[in-house]
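Note sheet for the following structure.
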Amino acid sequence: MSAVLDTPVAVRRAAMDLLARREHGRVELTRKLRQRGAADELIEPALDRLAEEGLLSEARYLESFIRYRASAGYGPARIREELGQRGLNRGDIDQALRESEVEWTVRLQEVWQRKFAGQRPHDPRSRAQQTRFLAYRGFSLEMIGRLLSGRDLDDY
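Throughout the sequence shown, residue numbering follows this note's numbering, covering 13 to 168 in sequence.
What follows is the structure, encoded as structure tokens:
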């Protein structure tokens, strides 16, 4: 199935095929092109050109990834970690999270409602269980504490 990626045109075509499916970050796209057999000296110029043409955009990738993971029920800490593992710049990640239009308190309530049916913890053990689950999902302990104690999340 895979063609040999030994020319600039072949590398560009493979990169554009990947970008047509979904947004990619530069590091992720580089890795995928290497896996397909493209040489580094062909990858970098191809990605530079795609970025100049606006076809490869880290900002669009960040926005898309944040929206996708937030809709899957993950909080900002988890998303920040996942993007960092994908080789994105921490400052860019933090800025994208700040600029995202995700209502984190609403996401937290939705995840909690889905997992725990809106039942506040009745003892320390169930509180710890709910806290662990929501923290693992990437929500801050402050937000979780407000939710589980019944305080207004909008004060956050």
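Beta carbons are placed, not taken as given, at the ideal position from N, Cα and C, and that holds for glycine.
Backbone CA spacing between residue i and residue j [nearest angstrom]
{"i": "Ala51", "j": "Ala58", "result": "11 Å"}
{"i": "Phe151", "j": "Arg119", "result": "9 Å"}
{"i": "Arg24", "j": "Ala89", "result": "34 Å"}
{"i": "Asn101", "j": "Ala71", "result": "11 Å"}
{"i": "Ile156", "j": "Glu53", "result": "48 Å"}
{"i": "Arg163", "j": "Arg110", "result": "23 Å"}
{"i": "Ala63", "j": "Met28", "result": "11 Å"}
{"i": "Arg126", "j": "Gly85", "result": "10 Å"}
{"i": "Met13", "j": "Val114", "result": "With a pLDDT of 44 at Met13, under the threshold of 50, the modelled position of this residue cannot be trusted; read the value that follows with caution. Cα-Cα distance, rounded: 39 Å."}
{"i": "Gln121", "j": "Glu94", "result": "22 Å"}
{"i": "Leu153", "j": "Gly103", "result": "22 Å"}
Cβ distance (whole Å) where residue i is taken to contact residue j below 8 Å
{"i": "Leu45", "j": "Ala26", "result": "6 Å"}
{"i": "Leu160", "j": "Arg139", "result": "6 Å"}
{"i": "Trp124", "j": "Leu146", "result": "6 Å"}
Beta-carbon proximity of residue i to residue j, cut-off 7 Å
{"i": "Arg92", "j": "Ile78", "result": "no"}
{"i": "Val39", "j": "Gly99", "result": "yes"}
{"i": "Pro133", "j": "Gln142", "result": "yes"}
{"i": "Arg48", "j": "Leu17", "result": "yes"}
{"i": "Gly87", "j": "Arg149", "result": "yes"}
{"i": "Tyr176", "j": "Gly37", "result": "With the chain running from 13 to 168 in the structure shown, residue 176 is simply not present."}
{"i": "Ser76", "j": "Glu35", "result": "yes"}
Unbroken alpha helix (DSSP H) run spanning residue i, endpoints
{"i": "Leu68", "result": "It is not in any alpha helix (DSSP H) - Leu68 carries neither H nor E in the DSSP assignment."}
{"i": "Ser138", "result": "136-148"}
{"i": "Gly96", "result": "88-97"}
{"i": "Val114", "result": "Note, Val114: premise wrong, no alpha helix (DSSP H); not H, not E."}
{"i": "Asp29", "result": "20-33"}
{"i": "Gln47", "result": "38-47"}
{"i": "Val158", "result": "Before going further, note that residue 158 is Arg rather than Val in the sequence given. Segment 153-161, the alpha helix (DSSP H) holding Arg158."}
Residue i, buried or exposed, once every other Cβ within 10 Å from all chains shown has been counted against 16
{"i": "Val21", "result": "exposed"}
{"i": "Tyr80", "result": "exposed"}
{"i": "Arg56", "result": "In the sequence as displayed, the identity of residue 56 is Glu instead of Arg. Result: exposed."}
{"i": "Thr19", "result": "exposed"}
{"i": "Leu41", "result": "buried"}
{"i": "Ala108", "result": "buried"}
{"i": "Leu68", "result": "buried"}
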